[in-house]
Every structure is written in structure tokens, then in C-alpha cells.
Amino acid sequence: MTEKNKTKKTKIYFWLKVDKKFFDNIFIKRLKSIQGGYAMTVIYIRLMLESLADDCVLYYEGYFENLAEELALKLDVSEDDINQTLAYFTKCGLIQIDNDNNAYMAQAEAMVEQETNWASYKRSTRKIGQSPTKLENVQSMSNQCPTEIEIEIEKEIEIEKESKKEKEKEKEIESKQKKEIYIDNFDISQKLEKPENYSDYLSDDFLINSDDETFIKGLTQYYFDRQPDPYEINTIKKRLTATDREIVHIAYQQAESNNANDLGYIVAILNNWEKLGIENLEDWEQHEKEREDLAEDEMLPF
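Numbering (full-length UniProt numbering), first residue to last: 1 to 302.
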């Protein structure tokens, strides 16, 4: 093996996972009634794709007067279309422009998937192994890859199977131990209708006195029908040091109503409110009042 082969870098491929929920989002659906809305949707998706190479950020390189000019050239669309798209999705909180004129694509971070070229190779090899009828008129698998690679793949498959069994056992034990959920005495096995006002189903004791982790797990289970992972818990915990619980709770309500049951969307909402100076329930209610007063002329986010 040459030194060049030893130092060969592993490629990483990124893509967006777009499903029906994306088009059910209230901000995407609203574009159907706006002139040029279809073009804005396409441009928005292209902007998200463009951002994947830089951790979902569109960096302003300074070659032109502003970011919109640079993006218009990259996507080969008019600057007016770019400005209109940026303005709309910035108001929705899905695009965030910083002081350096860089654009952070909040929704892209929640939708991004990635895979190394090695992982892609393993996946395709397994598919070949599971479909022998597709190997007609081609070389046998022993000629397609080295024996040691086949052995390594088999080992990894066994490890994955064992890991899956362990996770299933842990989940079963946790399910047996858990007799009630964090929101009052709401039983996870029952499908109860959720009242519109959270005070109808969240007690004051839960909202005020429960510890942060219990609070986060309760909201996530009720609104998203799942348990949060440690990263999600720690992220929301940090938010709770500077944001009232009522505001975090409303963010979960907003996310559920927009069919976005992921951490990225919650963070995007809270970031947008932080920029608007919304830190407590009183601030949010004042913002909502102003939004209603200006509804005929301008749509404010959230």
C-alpha cells in the first residue's frame, strides 16, 4: 500500500430528508396563496442545499454588495427573487441573518442527513449480498471486494444486531418501570384529547416545581409522542437558564401545530423570540397583540 493510499481522506455526503411534513408546514403552505410562492419554495430548498457544505450556514463572502447578490449569482436567479425569499423566511424564523450578513438555515439543520463513502459502500455491499439474483452476468462478490472487508462487514452486522437487542431490552425494562407520565397522571397508553389551553392539562405544580429534566421530558412526550435524547435535554436546559418555562412551553405548542417535532425547530423559535426581546409570558402576549394589530399589513413570525 502506498503512502498516498494510507492518507486518503474519507468523503462525507450530505443531503436533505424532505417528507410530507415539510410541505404541511404552515409557512410553506401559505406560499401557495402568494404570487411567486412556488418559486420561493424552490429557492428556499436550493438555499438549504447550498448551505449543507458549511454546517447549514450561507456565508457572505464579500465579493458583492450584499449576500443576496452573491446568492442570486450562485443559483442563477434574480436578486429580487432572492430578497423576497430571504425576507419571507427570515420573518418566519427559518432563516436567521447575523451581523456579518451570514444566513443560518435553521430548518436545514433539522433535516440534514449524512453518510461517508465507506458507509455507502457497506450498505450497497449488503444489498448485493441480500439479492443474489441481481449478480447474474457480473463478477462474484469475492472478486468485488477483499476478503478482509467481507469479514469486517460481517462483524459489524453482528455488532449492530447485538446493540439492537440490548436497546430493545433497555426499552422494555424502562417501559415496565414507568407507570405514569410526567404530565399530571396522563397515561401514555391512552389516546386522550388535548385541551387547547395548556393550563387545562398541566398543573401549576408541574409547570413551576418540577425539575428541568422532568419538565422537558413531559413536554416532549405530550407534544411529540417520544422521549428526548440527552443532547436535546441539555440543549433545552441551557435555554431555561435565560428563558421562562411558559415561553419554552409555548414553543413546543408552536412546533406541534406546524408538524415540526424536532429540536432544531424549537431552537429556531426560541432564537427568533430572543432577537425580538421575548423573555417571558408578558413579552410574548404583547408581541401577539402587536402581531394581531398588524395582521392586515404584515405577518410577524410566530
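In this text, a Cβ means the ideal position worked out from N, Cα and C, and glycines have one as well.
Taking the Cα positions, L219 is about 30 Å away from D293. Sequence-distant partners of E213 (beyond 5 residues in either direction) whose C-beta falls short of 8 Å from its own C-beta, in its chain, are I233, K237. Fewer than three beta-carbon pairs drawn from the segment 73 to 80 and the segment 22 to 30 are found closer than 8 Å, and the two stretches are therefore not classed as touching.
Going by beta carbons, M111 and I95 fall outside the 8 Å limit. As the crow flies, the alpha-carbon of L270 is around 15 Å from that of E282. Using a Cβ distance threshold of 8 Å, T85 and M48 do not count as a contacting pair.
The C-alpha of K161 lies about 27 Å from the C-alpha of L16. Within the same chain, and ignoring the five residues on either side of V57 in sequence, the residues whose Cβ sits closer than 8 Å to its Cβ are S51, N102, A103, Y104, M105. If you look at Q254, you'll find it in the alpha helix (DSSP H) that goes 245 to 257. Counting only unbroken stretches of 3 or more residues, the beta strand (DSSP E) elements lying wholly within the UniProt domain "Phage replisome organiser N-terminal" (15 to 124) are 95 to 97, 103 to 105, 112 to 116, in sequence order. By the criterion of a C-beta distance shorter than 7 Å, D100 is surrounded in its chain by Y60, once the five residues flanking it on both sides are discounted. Where E279 is concerned, there is no enclosing alpha helix (DSSP H), because DSSP gives it neither an H nor an E.
About 11 Å separates the beta carbons of Y265 and Y223, which is beyond the 8 Å limit, so they are not a contact pair. Per DSSP, the continuous alpha helix (DSSP H) segment holding D212 begins and ends at 212 to 224.
Just so you know, the alpha carbons of V267 and Y63 end up roughly 31 Å apart. For N234, the enclosing alpha helix (DSSP H) has its first and last residue at 230 to 240. Close CB contacts of K217 within its chain, under the 8 Å cut and outside five residues either way in sequence, are with Y182, Q227, P228, I233 (chain order).
Inclusion of N272 and N25 in the CB contact set at 8 Å is not warranted, their separation being larger than that value. In its chain, beyond the 5 residues on either side, I247, W284, H287 have a beta carbon closer than 7 Å to the beta carbon of I278. DSSP places D262 outside both helix and strand once states are collapsed to three, so it counts as coil. In terms of Cβ geometry, A68 and E79 form a close pair [threshold 8 Å].
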